[in-house]
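Residue numbers (the numbering used here): -17 to 359.
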């Protein structure tokens, strides 16, 4: 705290110096005024001036004018000089206060601009540069909070919009098939089973979508507490690979695992499995048939780098920039019936960042790679 105070004192040194010089100048002017008055009075210039006024203006004799001057001025000269000094000091001090108030007016205008959206940066006098920097820092913080609030509001609106849009199709199918079952009295058992099967499939799809929306809402609107535990990274990825084997076989894909045996990391195992599940699922979906998927883990000092690479259509740069946005799908034609709501990678990114890690995507020469960097402990 003391060091911070010393830094502030140094930053405002220019302002202190300018105020100090003004105060010294004010006292010097007052002192010079004293010498001027005494020098003038001692020389007799002031007395001659007053006597001339009395003689010429009021037609008094010299003796009468001198007597009046003595009674009014000469006998009370000390009090007159003190009164003149006080008046001079008050005038000079008034000028000084007016000059000093200019700085407060500048700061006041700068503070007013803090609450004005889109206002230019605060600009103060050179000697108030430290205050100018502080006000602009506060201004940037307030503007960032404004933007964050706007983004949060937009996210909420997007969530409602996408929820309505993505739930509408499967819900309409469920209602349609159940209405047929309700209205058609003479329907074959085979057709009834088909309608019930489709309705069940669509209802399960609705459940998956609702769970996905609930998940992203939880990450957006609440504080997530991670349940840390130590895991063997190779075993976690081997279990995941085993679960994906049927999907891999459908497209004749081969997944190669390059993971050292001894990498133990501390993380929320369930949520981190969600991240790896999403990355591998995307790799399967967007891979060419009959190609390889490579999962590579590398130790980097205090971090571990996990890479998921597959062979597929190169992702354009403009799409790559938005790949972690909520509700964004690489293939716009891929509906929620064949893909997710576009929340998987957004959730994965938030989980990784909650672990103080990073995630990024690269794509070139028909190779798509997602790279996750996480602290080991």
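Quick reminder that beta carbons are idealized off the backbone N, C-alpha and C, glycines included. None of these values were measured; they are calculated from a predicted model.
C-beta contact flag for residue 96 and residue 62 at 8 angstroms: no
Burial state of residue 299, where buried means 16 or more other Cβ atoms lie within 10 Å: exposed
Beta-carbon proximity check, residue 273 vs residue 240, cutoff 8 angstroms: no
Coil, strand or helix - residue 298 by DSSP: coil
Element boundaries [alpha helix (DSSP H), containing residue 328]: 326 to 336
Residue 344 (DSSP reduced to helix, strand or coil): strand
Residues near residue 8 by beta carbon distance below 7 angstroms, same chain, minus five either side: 74, 75 and 78
Residue 134 burial status per 10 Å Cβ neighbour count (16 or more: buried): exposed
Test item: CB-CB of residue 292 and residue 269 under 8 angstroms: yes
Residues bridged to residue 240 (per DSSP): 278
Three-state secondary structure (DSSP) of residue 366: For the chain, the structure presents residues -17 to 359; residue 366 sits outside this window and is missing.
Buried versus exposed call for residue -14 [16 or more other C-beta atoms within 10 Å across all chains shown]: Annotation note: pLDDT 49 at residue -14 (below 50); position unreliable, coordinate value reported separately. Counting Cβ neighbours within 10 Å, residue -14 comes out exposed, since fewer than 16 surround it.
Contact belief for residue -3 with residue 110 at Cβ below 8 angstroms, rounded distance in angstroms: 6 angstroms
With 16 other Cβ atoms within 10 Å as the buried cut-off, status of residue 94: exposed
Contact between the segment 333 to 353 and the segment 280 to 291 (3+ Cβ pairs under 8 angstroms): yes
Member of 251, 212 and 263 whose CA lies at the smallest distance from the CA of residue 235: 263
Residue 173 in three-state terms, based on DSSP: helix
Which listed residue (281, 32, 358 and 223) has its alpha carbon closest to that of residue 275: 223
Residue 87 versus residue 136: straight-line alpha-carbon distance, rounded: 38 angstroms
Counterpart residues of residue 350 in DSSP-defined beta bridges: 292 and 345
Segment contact, 8 angstroms Cβ cut-off, at least three pairs: the segment 213 to 221 with the segment 239 to 253: yes
Status (buried if at least 16 other CB within 10 Å, exposed otherwise) for residue 38: exposed
Environment of residue 129 [buried if 16+ CB atoms lie within 10 Å]: exposed
Separation of residue 341 from residue 282, as counted between CA atoms: 15 angstroms
Beta carbon of residue 257 nearer than 8 angstroms to that of residue 330: yes
Best match in 72, 81, 52 and 15 for proximity to residue 4 [C-alpha to C-alpha]: 81
Limits of the alpha helix (DSSP H) - the one that residue 231 falls within: 227 to 232
Minimum C-alpha distance to residue 195 - residue among 326, 181, 44 and 40: 326
Through-space distance from residue 112 to residue 104, alpha-carbon basis: 12 angstroms
Enclosing beta strand (DSSP E) for residue 168 [first to last residue]: First-last for residue 168: undefined, no H or E at that position.
Under 8 angstroms between C-beta atoms of residue 160 and residue 181: yes
Residue 213: first and last residue of the uninterrupted beta strand (DSSP E) it sits in: 211 to 214
Residues sharing a beta bridge with residue 285, DSSP: 282 and 357
Residue 306 versus residue 344 - alpha carbon distance: 12 angstroms
Residue 245, DSSP secondary structure in three states: coil
C-beta contact flag for residue 188 and residue 152 at 8 angstroms: yes
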